[in-house]
Amino acid sequence: MPDLITVVAAAGLSTRFEGGDKLLALYRGKPLAAHIADTLVDMEIEPRFAICPRDNPARAELFVARGFQIVWNGKPEEGLGHSLALGATRARELAASGMLLCLADMPHVSHEHLERLLAVRKGQAIIATEVAGVRMPPVLFPPSVYSRLAVLTGDRGAKSLLDEARTVEADTGLAHDVDMRCDLDAVSPAVRGPGGASAE
Numbered sequence: 001m002p003d004l005i006t007v008v009a010a011a012g013l014s015t016r017f018e019g020g021d022k023l024l025a026l027y028r029g030k031p032l033a034a035h036i037a038d039t040l041v042d043m044e045i046e047p048r049f050a051i052c053p054r055d056n057p058a059r060a061e062l063f064v065a066r067g068f069q070i071v072w073n074g075k076p077e078e079g080l081g082h083s084l085a086l087g088a089t090r091a092r093e094l095a096a097s098g099m100l101l102c103l104a105d106m107p108h109v110s111h112e113h114l115e116r117l118l119a120v121r122k123g124q125a126i127i128a129t130e131v132a133g134v135r136m137p138p139v140l141f142p143p144s145v146y147s148r149l150a151v152l153t154g155d156r157g158a159k160s161l162l163d164e165a166r167t168v169e170a171d172t173g174l175a176h177d178v179d180m181r182c183d184l185d186a187v188s189p190a191v192r193g194p195g196g197a198s199a200e
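In terms of this note's numbering, the sequence shown opens at residue 1 and continues consecutively.
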């Protein structure tokens, strides 16, 4: 029984990204999705899972090369909620004592921020990231909510669960994600953490 599993939601359709797959687009010298993948490898939490669409083996290969196991999402059009349901189902099957959820299009999530989430882990509390008053991934989910996650659908995902969460604040730069090609430029400046220290 693993103490904790990590899950990266990487099944988005990238419909607004011009000219290719946003998660494979180069950002600071490597594919966008490789940033969070490499950060999680550095965390040394195993097992690690990536939720990937069945029709995009290149995404899966990126994660497999970094020691992730793949959970195939055959219905990516159903949104983030379906990926969360797949991750929670795997966590429940493994009787994991927690599931750390990250998004593949958030390249500035740092090792330090994830450690802060884990440091306040207690009991059956949901621990979410909070940026400028908005709750978002990365999120640490306890076993008590796996059954609720396992029936999610749609892009709103776990919003109702996040409303119940304890939070760890983060700098606004951490929240930058990529939906369009111009967003790659928007997230380019170095993200500063608490006290002005670089979060990279």
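Even for Gly, the Cβ is constructed at its ideal location relative to N, Cα and C.
Cβ-based neighbour list, residue i, same chain, cut-off 6 Å, excluding 5 preceding and 5 following
| i | result |
| --- | --- |
| S144 | Q124 |
| I5 | P47, A91, A96 and M99 |
| R116 | V168 |
| T148 | The sequence shown places Arg at residue 148, not Thr. Nothing meets the Cβ criterion. |
| G81 | L152, T153, G154 and G157 |
| A25 | L32 |
| W72 | R54 |
Cβ separation of residue i and residue j, assumed to be a contact under 8 Å, to the nearest whole Å
| i | j | result |
| --- | --- | --- |
| A60 | Y146 | The Cβ separation is near 24 Å, so there is no contact. |
| L101 | V168 | Contact flag wrong, Cβ pair sits at about 14 Å. |
| L152 | A85 | 5 Å |
| N56 | D21 | 7 Å |
C-beta contact flag for residue i and residue j at 9 Å
| i | j | result |
| --- | --- | --- |
| M99 | L140 | yes |
| G154 | P76 | no |
| G67 | V41 | yes |
| I51 | S83 | yes |
| A91 | A128 | no |
| R54 | G79 | no |
| P142 | I126 | yes |
| T39 | L114 | yes |
| F49 | I36 | no |
Residues of its chain near residue i, where Cβ-Cβ distance is below 8 Å and the 5 sequence neighbours each way are ignored
| i | result |
| --- | --- |
| L23 | A10, G12, S14, P31, L32, A33, R59, L62, A104 and D105 |
| D163 | R135 |
For residue i, the first and last residue of its enclosing beta strand (DSSP E)
| i | result |
| --- | --- |
| L161 | Not the beta strand (DSSP E): L161 falls in the alpha helix (DSSP H), residues K159 to L162. |
| L149 | First-last for L149: Y146 to L149, but that is the alpha helix (DSSP H), not the beta strand (DSSP E). |
| L140 | V134 to F141 |
| R5 | A small fix is needed here, since residue 5 is Ile in this sequence, not Arg. Segment I5 to A9, the beta strand (DSSP E) holding I5. |
| R166 | R166 to E169 |
| I127 | I127 to V131 |
Proximal residues to residue i (C-beta, below 7 Å), its chain only, five neighbours per side dropped
| i | result |
| --- | --- |
| V131 | A170, T172, L174 and A175 |
| L150 | The question names Leu, but residue 150 in the sequence shown is Ala. For A150, where only same-chain residues beyond five positions count, the Cβ hits under 7 Å are A85, A88, T89 and R92. |
Residue-level contact to chain C via CB, residue i, 9 Å cutoff
| i | result |
| --- | --- |
| V145 | No chain C is part of this structure, which consists of one protein chain only. |
Entirely enclosed alpha helix (DSSP H) segments - the segment 32–113, minimum 4 residues: 32–43, 57–64 and 80–93
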